[in-house]
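Visitor: Counting from 1 along the sequence shown, just add 4 to a position and that's the residue number in my numbering.
Glycine included, every Cβ here is placed at the ideal spot set by N, Cα and C.
First, the structure itself, so that you have it in front of you.
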Amino acid sequence: MISVIVPVYNGESYIRRCLDSILDSTCRDLELIVVVNGCRDNTAAVCRDVAHTDSRVIVIETETAGTSHARNLGLDAAKGDYIVFVDGDDYISPVMLEHMLRCAEETGWDIVFAYYIDGTEWQYAFPVETGSRRAYTAEEFLAKSYLSTDLNFVITCNKLFRRAALGDLRYNEQLKIMEDRNYMVKAACRAGSIGRLEEKLYYYWHGVSTSASNNKDAYFRMDHLRSLLDDIAFMEAEFPDQPAYREYAACCLLQNADYRLRDAVKNDLDDIAAEAGPIVDDAARMVRKARHIPKKVRFRLLLEHNCPGLYRLAARVLGK
5 MISVIVPVYN
15 GESYIRRCLD
25 SILDSTCRDL
35 ELIVVVNGCR
45 DNTAAVCRDV
55 AHTDSRVIVI
65 ETETAGTSHA
75 RNLGLDAAKG
85 DYIVFVDGDD
95 YISPVMLEHM
105 LRCAEETGWD
115 IVFAYYIDGT
125 EWQYAFPVET
135 GSRRAYTAEE
145 FLAKSYLSTD
155 LNFVITCNKL
165 FRRAALGDLR
175 YNEQLKIMED
185 RNYMVKAACR
195 AGSIGRLEEK
205 LYYYWHGVST
215 SASNNKDAYF
225 RMDHLRSLLD
235 DIAFMEAEFP
245 DQPAYREYAA
255 CCLLQNADYR
265 LRDAVKNDLD
275 DIAAEAGPIV
285 DDAARMVRKA
295 RHIPKKVRFR
305 LLLEHNCPGL
315 YRLAARVLGK
């Protein structure tokens, strides 16, 4: 059975679409756990109404707001052998669960992910397709997660997780942003095998402008660095014999901490600068000592760190 966990906050206008897309799945062996967190509208009533018409739906209500807290409550309640996360304002292809489950069972992969589509379409017409498959080692997956801008690797909502591989893994409720990647890279470290299904199966809807991903506040964005520090601490504790994992995280940390520090200095945010400065120094030290990162990547990051003006000039000349 698949446990589908859906956190929702003030989503009365769209939550039914999300739940219907899951309940209409060609995979019928599922439980749908909806976690209504801190809502001040009629979201809970809509979810209870759906639950009355389908016994597979479980509604959990909490006054505590926060996506990570809601997902953790869902994980605590889940009974399935597989876990899927869907955000309450998004929706899925009718065949997403079936295709991912079949792929996991045929390959033995602990994590299966597919492509997502993002946009503002209220009802996207998913293409009917059966895609090829591509396996990743944990190191390959982490390299993509930390060094590319491809969000297909870092979000959790386009993935199916084998429950046994996750163990007691939970979302970090202290993080307001980047909690998805923080959870995802930890799951990838624990997974014995990861693979991608070359199909478009998840729709990431941009109809809600109040989401955390749209918040540009500098203090808020410092959680990006804290999430990476948490990644590294987790890897040091659970995977001390895999230094490459930490090195890829350190590369991402250096790039982002550098940006936060420069932005803080430019805008006279002394408290942020005081927090970011030592992080930059430690991250640069880790990158300089890295032995598993491609030399070109290390050179680019250290050039950007030590000589940002020269790096920008080179990027313009080379068209990168």
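1) Check whether the stretch 298-312 and the stretch 254-261 are in contact - that is, three or more C-beta pairs closer than 8 Å.
2) Count the other C-beta atoms from every protein chain shown that fall within 10 angstroms of the C-beta of R185, then say buried if there are 16 or more, exposed otherwise.
3) Check whether the stretch 145-160 and the stretch 99-112 touch, using three or more Cβ-Cβ pairs below 8 Å as the test.
4) By the DSSP assignment, the beta strand (DSSP E) with G199 in it spans what residues?
5) Can you give me the C-alpha to C-alpha distance between A139 and A55, rounded to a whole angstrom?
6) In whole angstroms, what is the alpha-carbon distance linking C193 and R289?
7) Examine the Cβ distances between the stretch 196-207 and the stretch 228-246 and report whether three or more of them are shorter than 8 Å.
8) May I have the straight-line CA-CA distance separating N271 from M239, to the nearest angstrom?
9) I'd like the list of long-range same chain contacts for E251, defined as Cβ closer than 8 Å, with 5 residues on each side in sequence excluded.
10) Which same chain residues, not among the five before or five after K204, have their C-beta less than 8 Å away from its C-beta?
11) Comparing C-alpha positions only, which one of D267, L79, D275, V116 sits nearest to P11?
12) For a test of the three-state rule: what should DSSP assign to F130, helix, strand or coil?
13) Between the Cα of L101 and the Cα atoms of E177, I181, F165, R225, which residue gives the shortest distance?
14) Alpha carbon to alpha carbon, how far is T30 from H115? Give it in angstroms, no decimals.
15) Along the chain, where does the alpha helix (DSSP H) that runs through N310 open and close?
16) Within this structure, are the beta carbons of A248 and E143 separated by less than 8 Å?
17) Does chain D have any CB closer than 8 Å to the CB of D286?
18) Suppose you measure from the CA of D94 to the CA of Y206; what does that come to, to the nearest Å?
19) Assuming T47 contacts V39 (C-beta within less than 8 Å), just tell me the rounded distance between them.
20) Out of L179, L23, Y187, state which residue places its alpha-carbon closest to the alpha-carbon of R225.
21) Looking at the unbroken alpha helix (DSSP H) that takes in L36, where does it start and where does it end?
22) Alpha carbons only, please: which of I26, W209, L265 is nearest the one belonging to E125?
23) Please report the straight-line C-alpha distance between N76 and T68, rounded to a whole angstrom.
24) Does A216 come out as helix, strand or coil in the three-state DSSP assignment?
25) Enumerate in chain order the residues of its own chain whose CB-to-CB distance from D154 is below 8 Å, with the five nearest sequence positions on each side excluded.
26) Report yes if the CB atom of H73 is closer than 8 Å to the CB atom of E177, and no otherwise.
Guide: According to the structure data:
1) Yes: the two stretches touch, three or more of their Cβ pairs being nearer than 8 Å.
2) buried
3) The answer is no - the stretch 99-112 does not touch the stretch 145-160, with fewer than three Cβ pairs under 8 Å.
4) Start and end: 198-209.
5) 37 Å
6) 23 Å
7) no
8) 34 Å
9) M290, V291, A294, R295, H296, I297
10) S97, A118, Y119, Y120, I121, F130, P131, E133
11) L79
12) It is coil, neither helix nor strand.
13) Ranked by how close their Cα comes to the Cα of L101, the residues E177, I181, F165, R225 have F165 in first place.
14) Checking the displayed sequence, the identity of residue 115 turns out to be Ile instead of His. Straight-line Cα distance between these residues: approximately 20 Å.
15) 299-310
16) yes
17) Going by chain labels, chain D is absent from the structure shown, which holds only one protein chain.
18) 8 Å
19) Wrong, their Cβ atoms sit about 11 Å apart, outside the cutoff.
20) L179
21) Here L36 belongs to no alpha helix (DSSP H); instead the beta strand (DSSP E) covers 34-41.
22) W209
23) Cα atoms of N76 and T68: separation of roughly 12 Å, rounded to the nearest angstrom.
24) With a pLDDT of 41 at A216, under the threshold of 50, the modelled position of that residue is not reliable, and the figure given next carries that caveat. Residue state, collapsed to three classes: helix.
25) K148
26) yes
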